[in-house]
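**Student:** Take any residue in the sequence shown, note its place counting from 1, add 205, and you have its number in the numbering used here.
Every residue, glycine too, gets a C-beta built ideally from N, C-alpha and C.
Following this message is one structure expressed as structure tokens.
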Amino acid sequence: MNICVVALGKIGLPLAVQFASKGHRVIGADVSERVVALVNDGAVPFPGEADLDVKLKDAVAAELLSATTDTAAAVAQSEAVVVVVPLFVDAEGVPDFEWMDNATRAIAAGLKPGTLVSYETTLPVGTTRGRWLKMLEEGSGLTGGTDFQLVFSPERVLTGRVFADLRRYPKLVGGIDAGSAARGVAFYQAVLDFDERPDLPRGNGVWDLGSAEAAEMAKLAETTYRDVNIGLANQFARYADSVGIDVLQVIEACNTQPYSHIHQPGIAVGGHCIPIYPRIYLWNDPSATVVRSAREANAAMPDYAVGLLEAAYGDLTGANVLVLGAAYRGGVKETAFSGVFPTVEALQARGANPFVTDPMYTNAELEAHGLPAHEGQPVTAAIIQADHAEYRTLGESDLPGVRVLVDGRRVTDQARWTTATRIVIGG
206 MNICVVALGK IGLPLAVQFA SKGHRVIGAD VSERVVALVN DGAVPFPGEA DLDVKLKDAV
266 AAELLSATTD TAAAVAQSEA VVVVVPLFVD AEGVPDFEWM DNATRAIAAG LKPGTLVSYE
326 TTLPVGTTRG RWLKMLEEGS GLTGGTDFQL VFSPERVLTG RVFADLRRYP KLVGGIDAGS
386 AARGVAFYQA VLDFDERPDL PRGNGVWDLG SAEAAEMAKL AETTYRDVNI GLANQFARYA
446 DSVGIDVLQV IEACNTQPYS HIHQPGIAVG GHCIPIYPRI YLWNDPSATV VRSAREANAA
506 MPDYAVGLLE AAYGDLTGAN VLVLGAAYRG GVKETAFSGV FPTVEALQAR GANPFVTDPM
566 YTNAELEAHG LPAHEGQPVT AAIIQADHAE YRTLGESDLP GVRVLVDGRR VTDQARWTTA
626 TRIVIGG
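So, in structure tokens, the structure goes:
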């Protein structure tokens with residue numbers, strides 16, 4: 206089968222490699238000439254994805270994967286098109302469809318009869334049918350459901366472990382009609398492998414959810430549920446801090462019940478899933494007060510962490526404070542909506558001099574993100590923002606002069622902090 210993957214980012218490129226590993230001929234389309242050149246050389250354009258470097262080289266060497274900036278031409282050569290172009294939202298949660306609109310127009314220009322188009326980017330409910338179907342039909346002169354098939358099939362993976370997650374979780378598919386759904390199910394069965402999951406009610410594999418809207422809703426529901434769960438954990442943590450309870454012990458006890466799973470609290474609020482997808486859900490359903498409250502609770506955690514530091518340290522005016530971790534989560538070189546930005550802003554608002562360090566970033570890269578890089582300046586306080594593995598062995602000897610450490614991710618060992626004050630959110 207000839208397949209086009211549109212957008213070779215941290216999800217799209219592993220998908221293209223996965224499809225090629227099943228013996229299919231894949232053309233990756235991307236607007237970045239740099240990304241296209243690297244992929245054609247068998248080089249990974251970003252770090253941190255397990256096994257991607259070896260699998261990409263193998264796919265390119267086998268002539269099963271190539272890349273181009275000409276999306277329309279790539280689509281014209283393909284029987285199936287998978288779209289993983291980013292969708293952004295503004296501060297009010299309003300989606301910005303510009304990148305996806307441009308990609309969809311390019312797809313329409315190359316669309317031919319008999320092609321399957323699958324959108325994997327998380328979308329507001331109704332977008333596949335209400336927006337993309339119309340654009341594809343207008344741009345191609347073809348009729349969806351008759352001349353071409355259209356489905357929504359959300360990505361359900363985390364960067365850093367895409368290949369494992371593709372096997373671990375059922376692939377959800379929803380079509381604009383029954384024929385599109387059947388074609389989508391057959392496609393994903395041909396390009397994916399699945400782990401045995403006897404714990405699932407329907408078994409692991411490709412699940413037809415009955416409509417594009419149901420598949421769109423499923424992705425928003427699972428990510429929004431997680432955001433609400435984290436918001437609840439953060440509320441528990443703030444109360445526990447006020448009364449001297451170790452909230453992690455409470456959460457562990459609650460999680461022994463089969464119906465209960467509460468996430469660990471912390472100051473990390475970033476990534477492409479959280480907080481973006483709950484805002485997309487709110488765009489669909491502005492009356493969802495629980496979702497809105499959770500989002501507000503999670504967004505407030507960086508300022509709360511700085512408040513804990515101030516309470517233990519005293520006046521932060523003029524204090525040099527080191528923020529450990531620019532990434533939104535450990536082991537992933539990505540700063541999208543990372544808690545580092547509001548943490549730095551909260552420190553600056555209190556008169557402190559914040560500096561940022563991250564084992565995955567050079568100082569030049571941090572500065573390019575508008576973050577004040579740490580270049581050896583003496584510091585007297587620190588906040589752990591990302592749960593990098595390197596911070597698990599962090600101790601006083603690594604940060605001489607630090608009087609107060611706020612561990613916002615519960616990664617450090619108390620035994621390594623005997624003189625300085627160590628504060629963990631939630632006890």
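1) Mapping DSSP to helix, strand and coil, what is residue 355?
2) Quick one: what does DSSP say residue 486 is sitting in, helix, strand or coil?
3) Anyone know if the C-beta pair for residue 299 and residue 312 falls short of 8 Å?
4) Going along the chain, which residues of its own chain have a beta-carbon closer than 8 Å to the beta-carbon of residue 249, five neighbours each way excluded?
5) The alpha helix (DSSP H) with residue 527 in it runs from where to where?
6) For residue 224, write down the residues that DSSP places opposite it in a beta bridge.
7) Per DSSP, which residues does residue 301 bridge with? Please list them.
8) Beta-carbon separation of residue 508 and residue 547 under 8 Å?
9) Nearest to residue 592 by alpha carbon, out of 461, 532, 630?
10) Does the structure place the stretch 609 to 628 close enough to the stretch 558 to 576 that three or more beta carbon pairs sit under 8 Å?
11) If we count the other Cβ atoms within 10 Å of its Cβ and call it buried at 16 or more, is residue 229 buried or exposed?
12) Could you pull out every residue in the same chain whose Cβ sits closer than 7 Å to the Cβ of residue 305, ignoring the five residues on either side in sequence?
13) Would you call the CB atoms of residue 179 and residue 232 closer than 8 Å?
14) So what does DSSP say about residue 494, is it helix, strand or coil?
15) Using DSSP bridges, identify the partner residues of residue 324.
16) I need the DSSP call for residue 478, collapsed to helix, strand or coil.
17) Using three-state DSSP, classify residue 627 as helix, strand or coil.
18) In terms of DSSP beta bridges, what is residue 622 paired with?
19) Give me the residue from 612, 603, 332, 276 with the minimum Cα distance to residue 583.
**Tutor:** Let me lay it out:
1) strand
2) helix
3) no
4) 218, 243, 257, 258, 261
5) Unbroken run through residue 527 is the beta strand (DSSP E), 525 to 529; no alpha helix (DSSP H).
6) For residue 224, which the question treats as bridged, DSSP gives no partner whatsoever.
7) 293
8) yes
9) 532
10) no
11) buried
12) 290, 292, 326
13) One cannot answer for residue 179 here, as it falls past the ends of the chain, which runs 206 to 632.
14) helix
15) 288, 357
16) coil
17) strand
18) Bridge partners of residue 622: none, in fact.
19) 603
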